[in-house]
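Asks:
Numbering (our numbering), first residue to last: 6 to 135.
1. Please name the residue in 42, 100, 68, 44 whose C-alpha comes closest to that of residue 6.
2. Residue 122 and residue 22 - do their beta-carbons sit closer together than 9 Å?
3. DSSP three-state call for residue 108: helix, strand or coil?
4. Can you check whether the CB of residue 74 is closer than 9 Å to the CB of residue 13?
5. Quick check: what's the CA-CA separation for residue 77 versus residue 63?
6. Please name the residue in 113, 96, 98, 60 whose C-alpha comes closest to that of residue 34.
7. In whole angstroms, give me the CA-to-CA distance for residue 175 and residue 57.
8. I'd like the span of the alpha helix (DSSP H) that includes residue 19, first residue to last.
9. Mind checking whether residue 106 and residue 115 have CB atoms under 9 Å apart?
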């Protein structure tokens with residue numbers, strides 16, 4: 006939904022949003038695949054069901070693009086709401102995990118990844134207005 010809406014604002018925002026979401030989705034999909042395998046599905050079944058669930062992102066993008074053209078006044082609310090959601094997930098799920106990591110190198114790498122995500126969102130503020 007947010008990908009389609011961000012492309013309606015401008016192409017630069019759309020591509021940055023897409024890249025940001027891909028950096029989130031790829032590891033998540035790999036994790037989901039592992040959970041499905043661990044849950045007893047075969048590799049083909051797990052891949053199929055993981056693919057079906059990933060298709061919802063494509064449907065959401067198309068719906069976002071379709072509705073953004075008709076409800077342009079809500080895009081200004083949708084973009085910061087989504088960015089806030091990513092910051093909340095990072096803050097509530099990732100930072101507490103850092104306290105449990107014993108390896109300092111891994112902890113530093115995780116924190117740098119978190120900061121890169123914040124900088125990605127900050128970079129959005131430098132895109133020209135549509």
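Backbone N, C-alpha and C define an ideal beta-carbon position, used for all residues, glycine too.
Replies: Taking the structure as given:
1. Translated into positions along the chain shown, residue 6 becomes position 1. Of the candidates 42, 100, 68, 44, the one whose C-alpha sits nearest the C-alpha of residue 6 is 68.
2. Within the chain shown, the letter at position 17 stands for residue 22. Within the chain shown, the letter at position 117 stands for residue 122. In this structure, residue 122 does not lie closer than 9 Å to residue 22 by Cβ.
3. As a first step, residue 108 is located in the chain shown; it is residue number 103 there, counting from the start. DSSP places residue 108 in coil when its eight states are reduced to three.
4. The residue you call residue 13 lines up with position 8 of the chain shown. The residue you call residue 74 lines up with position 69 of the chain shown. The criterion of a C-beta distance shorter than 9 Å is satisfied by residue 13 and residue 74.
5. Translated into the one-based positions of the chain shown, residue 77 becomes position 72. Translated into the one-based positions of the chain shown, residue 63 becomes position 58. So the two alpha carbons sit approximately 20 Å from each other.
6. Reading the chain shown from its first residue, position 29 is the one you call residue 34. For the residues 113, 96, 98, 60, the minimum Cα distance to residue 34 belongs to 60.
7. Since the first and last residues shown for the chain are 6 and 135, residue 175 lies out of range.
8. If you number the chain shown from 1, residue 19 lands on position 14. Where residue 19 is concerned, the enclosing alpha helix (DSSP H) stretches over 16-43.
9. By one-based count along the chain shown, residue 106 stands at place 101. By one-based count along the chain shown, residue 115 stands at place 110. Going by beta carbons, residue 106 and residue 115 fall inside the 9 Å limit.
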